[in-house]
Amino acid sequence: MRKTKKHKAGIVSLVGAGPGDTGLMTLKGFRALQTAEAVVYDWLINPELLAWCPNAEKIYAGKHTRESTRKSDGRGCASQDAINRTLARLAKKGLKTVRLKGGDPFVFGRGGEEASYLQKHGIPFEVIPGVSAGHAVPAYAGIPVTDRRYASSVTFVTGHTRDGNEQINLNWKALAALGGTLVSFMGVKNLNSITQSLIRAGLPSKTPVAVIEWGTLAKQRVVEGVLGTIARKVKTKKIESPAITVIGQVNSLRKELRWFEKRPLSDKTVLVTRARAQASGLKKMLEEEGARVLEFPVIQIEPPRDFTPLDRALQSLAVFDWVVFTSANAVQSVFDRLRHLGRDARHFASVSIAAVGTATAEALQNQGLTA
């Protein structure tokens with residue numbers, strides 16, 4: 410009787426992707442993505458992270474909430490039960506699976522529910538914490554969630570209920586009496602209900618408040634106000650999810666400590682038209698200066714339809730005095746073809762080499778030639 414070979418269950422890594430800025434992804438999370446065979450990701454994660462796992466099967470698993478039903482690419486929403494089953498299915502196939510979640514998977518990320526499901530079904534898992542939006546987003550807005558001059562404690566709450574009901578079941582009197590800083594996740598839709606509940610519970614209506622939309626990204630926006638009027642201001646400014654609300658005296662430090670918006674290219678949008686493969690370096694430099702960068706490549710590098718003229722020239726280099734490389738792309742293309750012909754940099758021994766531009770010269774240097 411022939412035995413059926415069983416797949417060894419693959420491990421599921423619950424990975425926190427951080428609040429948005431790819432630089433806030435942890436090194437361990439980055440390594441997990443690089444070796445992943447399947448990635449199940451949320452709508453809040455920065456899509457640039459998916460470039461770190463080019464060979465993995467990618468499955469979108471944005472969950473439906475009444476606060477954020479729009480998807481820029483038209484994709485639908487997945488229920489939590491469906492996500493759980495997907496993780497189990499991939500693991501049972503033996504795939505090393507990453508569940509990529511915004512922020513930290515165990516801070517209002519439902520990572521605990523997913524871990525419980527995996528445990529119940531005997532599937533090995535690990536948790537790779539991420540940088541939580543609860544403290545990182547305020548930091549990018551210049552607001553320390555604790556400061557001994559204003560707040561010696563911070564409390565994190567969710568401003569969204571499981572069923573989308575605006576009546577949030579929290580002990581408002583206890584929260585109002587705590588002092589310190591109150592940070593609310595996912596509460597834009599229910600902001601008026603939250604602020605009024607706190608005022609009724611005894612928190613002064615003049616308490617400073619900041620609402621931060623798309624924190625840590627170039628499109629970050631911050632609306633400042635006080636508890637009694639912030640909901641109206643947020644509605645006027647059309648602030649939407651994802652957003653973090655910070656309530657407390659620490660907001661008064663923003664005027665002094667705001668740094669993210671002070672970068673030279675903040676509030677600027679830059680269109681990068683270089684070929685996509687070459688745009689990353691420029692894109693990174695622009696983003697570090699505060700720009701929102703849109704890639705719109707108008708150049709595409711493709712091989713020639715016929716390699717015969719290039720092959721003929723490469724095979725008869727001895728008749729030439731000079732070879733001039735006009736771009737780094739030209740260097741790459743020529744050496745790709747040279748390797749195809751079974752040759753290397755030694756083939757250029759009989760000619761002088763010139764390069765147009767320092768980047769071209771550097772590309773030649775990487776191939777062993779000095780222009």
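In the numbering used here, the protein residues as written are 410 to 780.
Beta carbons are placed, not taken as given, at the ideal position from N, Cα and C, and that holds for glycine.
Model, not experiment: these values are computed from the prediction.
Helix, strand or coil at residue i [DSSP, three-state]
i      : result
Gly432 : helix
Ser661 : helix
Ser560 : Looking at the sequence itself, residue 560 is Ala, so the reference to Ser does not match. Reduced to three states, the DSSP call for Ala560 is strand.
Ser761 : strand
Glu457 : helix
Lys467 : strand
Ile656 : strand
Val597 : coil
Glu771 : helix
Val554 : coil
Ala780 : coil
Leu607 : helix
Through-space distance from residue j to residue i, alpha-carbon basis
i      : j      : result
Gln724 : Phe757 : 10 Å
Ala627 : Ala700 : 6 Å
Pro514 : Ile656 : 23 Å
Gln774 : Lys692 : 24 Å
Thr638 : Arg609 : 14 Å
Arg494 : Leu527 : 9 Å
Arg591 : Pro547 : Note on identity: in this sequence residue 591 is Leu, with Arg being the wrong assignment. Leu591 and Pro547: Cα-Cα distance of roughly 11 Å.
Thr506 : Ser488 : 19 Å
Gly751 : Ile762 : 20 Å
Asp482 : Ala780 : Its pLDDT being 43, under 50, Asp482 is placed unreliably by the model, and nothing is read from it.
Ala545 : Pro428 : 7 Å
Cys462 : Lys437 : 14 Å
Arg663 : Gly551 : 5 Å
Val516 : Glu523 : 13 Å
Val765 : Gln741 : 14 Å
Exposed unless 16 or more other CB atoms sit within 10 angstroms - verdict on residue i
i      : result
Ile603 : buried
Val421 : buried
Asn599 : buried
Gly624 : buried
Thr645 : exposed
Gly543 : buried
Leu651 : Contrary to the premise, residue 651 reads as Pro rather than Leu in this sequence. By the 10 Å Cβ count, Pro651 comes out buried.
Ile492 : buried
Asn455 : buried
Ser593 : buried
Thr682 : exposed
Continuous alpha helix (DSSP H) stretch holding residue i: start and end
i      : result
Glu522 : Gly520 to Lys529
Ala583 : Trp581 to Leu587
Gly543 : Ala542 to Tyr549
Ile381 : The question about residue 381 has no answer, for the chain in this structure spans 410 to 780.
Delimiting residues of the beta strand (DSSP E) encompassing residue i
i      : result
Thr495 : Looking at the DSSP string, Thr495 is not in any beta strand (DSSP E); the run it does join, the alpha helix (DSSP H), is Gln489 to Lys501.
Ser614 : Per DSSP, Ser614 belongs to no beta strand (DSSP E) and is neither H nor E.
Leu591 : Thr590 to Phe594
Glu633 : Arg630 to Val635
Ala447 : Ala447 to Tyr450
Lys510 : Thr506 to Lys510
Gly624 : Taken as a continuous stretch (DSSP letters only), Gly624 belongs to no beta strand (DSSP E), as it is neither H nor E.
Ser422 : Val421 to Gly425
Glu649 : Note, Glu649: premise wrong, no beta strand (DSSP E); not H, not E.
Phe515 : Premise fails: Phe515 is in no beta strand (DSSP E) and is neither H nor E.
Ile537 : Phe534 to Ile537
Open item on the list: My parser needs the alpha helix (DSSP H) runs of 4 or more residues fully inside the segment 660-746; what are they?
Closed with: If we require 4 residues or more, the alpha helix (DSSP H) runs fully inside the segment 660-746 come out as 663-666, 685-697 and 717-724.
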